[in-house]
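Taken in order, these protein sequences are the chains called U and E.
Just so we're aligned, residue 1 is where the first sequence starts under the working numbering, counting upward by one.
Just so we're aligned, residue 1 is where the second sequence starts under the working numbering, counting upward by one.
All residues carry an ideal CB built from backbone N, CA and C; glycine is no exception.
Protein chains: 2
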Amino acid sequence: MTQRWKITVEYDGSLYAGWQFQQHDMSIQQALEEAVFAFSGESPRLSVAGRTDAGVHALGQVAHFDLERESTEKTVRDAVNAKLREQRHHGISVVTAEPVSEEFHARFGAQNRVYIYRILAARAAPPALLRNRVWHMRDRLDITAMNAGAQHLLGHHDFSSFRAAGCQANSPLRTVSLVEVTEDADAAYGAGQAISVRVEAKSFLYHQVRNIVGSLVPVGTGKWQPEKIAEILAACDRTKAAATAPAHGLYFARVDY
Amino acid sequence: MTQRWKITVEYDGSLYAGWQFQQHDMSIQQALEEAVFAFSGESPRLSVAGRTDAGVHALGQVAHFDLERESTEKTVRDAVNAKLREQRHHGISVVTAEPVSEEFHARFGAQNRVYIYRILAARAAPPALLRNRVWHMRDRLDITAMNAGAQHLLGHHDFSSFRAAGCQANSPLRTVSLVEVTEDADAAYGAGQAISVRVEAKSFLYHQVRNIVGSLVPVGTGKWQPEKIAEILAACDRTKAAATAPAHGLYFARVDY
Numbered sequence: 001m002t003q004r005w006k007i008t009v010e011y012d013g014s015l016y017a018g019w020q021f022q023q024h025d026m027s028i029q030q031a032l033e034e035a036v037f038a039f040s041g042e043s044p045r046l047s048v049a050g051r052t053d054a055g056v057h058a059l060g061q062v063a064h065f066d067l068e069r070e071s072t073e074k075t076v077r078d079a080v081n082a083k084l085r086e087q088r089h090h091g092i093s094v095v096t097a098e099p100v101s102e103e104f105h106a107r108f109g110a111q112n113r114v115y116i117y118r119i120l121a122a123r124a125a126p127p128a129l130l131r132n133r134v135w136h137m138r139d140r141l142d143i144t145a146m147n148a149g150a151q152h153l154l155g156h157h158d159f160s161s162f163r164a165a166g167c168q169a170n171s172p173l174r175t176v177s178l179v180e181v182t183e184d185a186d187a188a189y190g191a192g193q194a195i196s197v198r199v200e201a202k203s204f205l206y207h208q209v210r211n212i213v214g215s216l217v218p219v220g221t222g223k224w225q226p227e228k229i230a231e232i233l234a235a236c237d238r239t240k241a242a243a244t245a246p247a248h249g250l251y252f253a254r255v256d257y
Numbered sequence: 001m002t003q004r005w006k007i008t009v010e011y012d013g014s015l016y017a018g019w020q021f022q023q024h025d026m027s028i029q030q031a032l033e034e035a036v037f038a039f040s041g042e043s044p045r046l047s048v049a050g051r052t053d054a055g056v057h058a059l060g061q062v063a064h065f066d067l068e069r070e071s072t073e074k075t076v077r078d079a080v081n082a083k084l085r086e087q088r089h090h091g092i093s094v095v096t097a098e099p100v101s102e103e104f105h106a107r108f109g110a111q112n113r114v115y116i117y118r119i120l121a122a123r124a125a126p127p128a129l130l131r132n133r134v135w136h137m138r139d140r141l142d143i144t145a146m147n148a149g150a151q152h153l154l155g156h157h158d159f160s161s162f163r164a165a166g167c168q169a170n171s172p173l174r175t176v177s178l179v180e181v182t183e184d185a186d187a188a189y190g191a192g193q194a195i196s197v198r199v200e201a202k203s204f205l206y207h208q209v210r211n212i213v214g215s216l217v218p219v220g221t222g223k224w225q226p227e228k229i230a231e232i233l234a235a236c237d238r239t240k241a242a243a244t245a246p247a248h249g250l251y252f253a254r255v256d257y
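Structure (structure tokens):
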């Protein structure tokens with residue numbers, strides 16, 4: 001009897017060529033599918049909540065796959081992790097594995113997706129400990145102004161101004177349920193201003209979060225007024241927004257079903 | 001005219017063989033001295049506040065050196081960072097450079113040293129994003145009990161029970177001015193219980209912080225009562241304490257002069 005498994009996965013995106021299979025580079029999907037095969041002898045295809053680009057990290061990516069073999073939560077989690085480590089994929093970890101019904105679908109069943117974008121600002125020196133983990137910039141950012149700008153994005157809008165050219169979605173309409181810019185007190189960041197931008201929506205356009213962050217930063221530096229975000233959104237024109245924020249500051253944090 | 005420079009340095013200890021010169025492996029001291037030479041053409045020896053072992057990280061290590069060449073804070077900081085990156089030492093970063101008087105001494109002038117030890121507990125899966133940055137364990141830890149145990153260490157004591165065999169200090173007496181165990185809410189840790197142990201003293205014995213953390217963990221799991229820490233301290237016997245906590249959870253956070 002086939003059992004569907006839901007796995008929650010953490011990964012360091014700087015070590016892989018993104019989620020999806022690549023001809024010449026190791027992807028997170030390939031590493032996980034090889035580990036599932038090494039443990040079970042079966043070759044199920046993984047379906048994922050959100051394909052991430054090279055460099056993008058995950059704290060709580062979700063995927064599902066079907067196994068003929070009977071197993072337990074603990075065995076699936078620990079065996080896949082052990083096989084990943086045998087193959088030296090130390091940058092991928094299965095945080096939990098849960099049996100789910102055959103109606104569960106990691107991508108189509110997602111009701112809410114949470115992304116966090118991390119910035120290390122107000123710091124002249126490049127980060128050593130957070131290299132490839134944050135977007136580093138020398139300027140200090142005004143969190144209050146960024147939050148004021150961000151609130152214009154809340155709700156149901158045409159997000160064409162924040163949509164990458166390669167986006168394959170049928171519609172540019174999306175509903176953003178939360179955008180929040182906070183300053184963190186985490187001592188482990190080291191010197192500088194540690195900022196997180198949290199964005200939540202049922203689904204996102206391609207590069208939507210990175211494009212939003214890219215346009216909130218000039219609001220934080222004072223180059224743009226917060227109201228500029230409303231103007232960019234209303235224009236429905238990608239050329240009105242700022243450049244895309246780099247991949248390595250982005251974390252796919254959580255999916256709710 | 002010779003100018004003494006104080007530099008504050010952040011580094012990822014997992015990429016280097018510790019602070020001090022090694023015959024066959026790259027040390028942080030060697031990488032920095034080569035970068036200073038590449039920038040200035042001079043070969044000053046660096047003096048450091050605290051030599052760290054392989055694997056140990058720094059958020060605010062302090063070192064000093066003398067240069068004949070005149071320069072500015074910005075030039076020293078940015079030039080050394082640029083030379084480090086040319087040599088692909090991305091794991092080391094000079095956060096600040098300041099001219100100081102010739103009386104300044106990074107090691108002998110230190111009035112207070114701050115270490116932070118990071119633990120990722122209550123988590124079955126190995127950390128992907130914090131690999132080599134935290135001590136990972138499956139058990140949940142009782143922070144209240146750990147803090148109760150830690151308070152026995154405050155003040156002026158013979159710390160022989162927490163002193164490594166190779167320690168070259170003349171005396172086992174040290175004055176611990178702060179020990180604090182906190183649970184962090186940092187979302188970037190991912191799943192699990194994120195714990196920091198902060199320890200402050202004017203100076204430390206060899207492995208003192210790692211040995212203290214090693215003995216606070218069994219208090220956190222409930223294997224030992226908090227009062228056991230007082231017994232261990234009073235015994236002045238290394239064999240009474242638990243094993244040394246691993247190097248890769250330790251951060252040299254700050255030095256005050």
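Any C-beta of chain U under 8 Å from that of residue i
i                 : result
Pro218 of chain E : no
Arg51 of chain E  : no
Ala191 of chain E : yes
Ala124 of chain E : yes
His64 of chain E  : no
Pick from the options that is closest to residue i, judged by C-alpha positions
i                 : options                                : result
Val134 of chain U : U:Lys74, U:Ala121, U:Met1, U:Lys228    : U:Ala121
Gly91 of chain U  : U:Arg107, U:Ile212, U:Met26            : U:Met26
Val95 of chain E  : U:Ala191, U:Ala235, U:Phe252, U:Ile232 : U:Ala191
Arg118 of chain U : U:Tyr206, U:Leu59, U:Ala82             : U:Leu59
Lys259 of chain E : E:Gly41, E:Tyr16, E:Gln30, E:Thr72     : Because chain E in this structure spans residues 1 to 257, residue 259 of chain E falls outside the shown range and cannot be described.
Val48 of chain U  : U:Ala35, U:Asn147, U:Gln29, U:Ala145   : U:Gln29
Leu46 of chain U  : U:Phe204, U:Ala128, U:Ala106, U:Ala245 : U:Ala106
Ala242 of chain E : E:Gln61, E:Val219, E:Arg131            : E:Val219
Leu233 of chain E : E:Phe252, E:Gln208, E:Leu250, E:Arg254 : E:Gln208
Pro127 of chain E : U:Glu102, U:Asp12, U:Pro44             : U:Asp12
Val36 of chain E  : E:Gly18, E:Glu10, E:His24, E:Asp66     : E:Asp66
Gly55 of chain U  : U:Arg131, U:Ala110, U:Ala97, U:Met1    : U:Arg131
Pro226 of chain E : E:Phe204, E:Pro246, E:Val181           : E:Val181
Arg51 of chain U  : U:Ala97, U:Glu42, U:Ala63              : U:Ala63
Ile229 of chain U : U:Leu178, U:Thr75, U:Tyr251, U:Ser161  : U:Ser161
Asn170 of chain U : U:Ala148, U:Gly149, U:Tyr206           : U:Tyr206
Local Cβ density within 10 Å of residue i, reported as buried at 16 or more and exposed below that
i                 : result
Arg138 of chain U : exposed
Ala165 of chain E : exposed
Tyr257 of chain U : exposed
Gly155 of chain U : exposed
Phe159 of chain E : buried
Phe21 of chain U  : exposed
Asp237 of chain E : exposed
Leu153 of chain U : buried
Met146 of chain E : buried
Phe108 of chain E : exposed
Thr175 of chain E : exposed
Ser259 of chain U : With chain U covering 1 to 257 only, the question about residue 259 of chain U has no answer from this structure.
Arg88 of chain U  : exposed
Lys202 of chain E : exposed
Thr144 of chain U : exposed
C-beta neighbour in chain E for residue i, strict 8 Å
i                 : result
Leu178 of chain U : no
His57 of chain U  : yes
CB contact below 8 Å: residue i versus chain C
i                 : result
Arg113 of chain E : Any reference to chain C falls outside this structure, whose protein chains are U and E.
When you check each C-beta in the segment 73–106 of chain U against every C-beta of chain E, which residues fall closer than 8 Å?
From the segment 73–106 of chain U, only Lys74, Arg77, Asp78, Asn81, Arg85, His90, Gly91, Ile92, Ser93, Val94, Val95, Thr96 have a Cβ closer than 8 Å to chain E.
Relative to chain E, which residues along the segment 3–31 of chain U have a C-beta separation below 7 Å, given in chain order?
Of all residues in the segment 3–31 of chain U, Glu10, Tyr11, Asp12 have a Cβ within less than 7 Å of some Cβ in chain E.
Return the residues of the segment 204–237 of chain U that lie within a Cβ-Cβ distance of less than 9 Å from chain E, sorted by chain order.
Flagged: no residues at all.
Any residues in the segment 126–141 of chain E with a beta carbon nearer than 7 Å to a beta carbon of chain U? Which ones, in chain order?
Of all residues in the segment 126–141 of chain E, Pro126, Pro127, Ala128, Leu129, Arg131 have a Cβ within less than 7 Å of some Cβ in chain U.
Where in the segment 119–171 of chain E do unbroken runs of the alpha helix (DSSP H), each at least 4 residues long, occur, reported from the N-terminal end onward?
Whole alpha helix (DSSP H) segments, 4+ residues: 143–150.
Report the residue ranges of all alpha helix (DSSP H) runs contained in full by the segment 184–236 of chain U; include only those spanning at least 4 residues, in chain order.
Given a length threshold of 4 residues, each whole run of the alpha helix (DSSP H) inside the segment 184–236 of chain U is given here in chain order: 208–221, 227–235.
As an exercise, report each continuous beta strand (DSSP E) stretch of at least 3 residues that is fully enclosed by the segment 46–104 of chain E, in chain order.
Taking only runs of at least 3 residues, the beta strand (DSSP E) segments lying wholly in the segment 46–104 of chain E are 57–67, 92–100.
Can you give, in chain order, each stretch of the alpha helix (DSSP H) that sits fully within the segment 9–47 of chain U and has at least 4 residues?
Listed in chain order, the complete alpha helix (DSSP H) runs (minimum 4 residues) inside the segment 9–47 of chain U are 28–40.
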